[in-house]
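Reviewing the structure listed below.
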Amino acid sequence: MSVAAAKYTDSSRVFGKLVRNDFVHKGREVSDLKVHHVLTTKYRRKAFTAEMLARLHNILEELLLKWDCQLVEFNGESDQVHVLFQYHRDIALSNLVNNIKSVTSRLP
Numbered sequence: 000m001s002v003a004a005a006k007y008t009d010s011s012r013v014f015g016k017l018v019r020n021d022f023v024h025k026g027r028e029v030s031d032l033k034v035h036h037v038l039t040t041k042y043r044r045k046a047f048t049a050e051m052l053a054r055l056h057n058i059l060e061e062l063l064l065k066w067d068c069q070l071v072e073f074n075g076e077s078d079q080v081h082v083l084f085q086y087h088r089d090i091a092l093s094n095l096v097n098n099i100k101s102v103t104s105r106l107p
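Written as structure tokens, this is what we have:
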């Protein structure tokens, strides 16, 4: 198999980057659910500074730990933030995303 073909058939690649296959084990269940969540500013205004992104990284890491989730990847620009996290299927994803949006909207 060529390198180009392996690039598209490798299931451990997410968003062009190699992601560890850390499965979540709970009882008899095994899952590997990941979410790529993008947070943008209103009207795509350039509002995030480097200090704000560092603080947001820490806030999201703590918040996801409270929800028993794991932050896999965090990347941000001046107008958007990309968050890749892993969660278990018992967690209501809509409630988690709603909590993330409410906490990050109050970032000074």
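For the sequence shown, position 98 matches number 97 in numbering that gives the first Met the number 0, and the numbering has no gaps at all. Ideal Cβ positions, reconstructed from N, Cα and C, are used throughout, including at glycine. Note that the structure is a prediction, hence the values are computed from the model and not measured.
| query | result |
| --- | --- |
| How many angstroms separate the CA atom of residue 60 from the CA atom of residue 69? | 8 Å |
| Taking all protein chains shown into account, do 16 or more other C-beta atoms lie within 10 angstroms of the C-beta of residue 22, making it buried, or fewer, making it exposed? | exposed |
| What whole-angstrom Cβ distance do residue 85 and residue 32 have, given they're in contact under 8 Å? | 7 Å |
| In the DSSP assignment, the beta strand (DSSP E) including residue 25 goes from what residue to what residue? | 23 to 25 |
| So is residue 91 buried or exposed if we call it buried at 16+ other beta carbons inside 10 Å? | exposed |
| Report the three-state DSSP secondary structure of residue 32 (helix, strand or coil). | strand |
| Mind the definition here: the stretch 34 to 43 touches the stretch 92 to 104 only if three or more C-beta pairs lie below 8 Å; say whether that holds. | yes |
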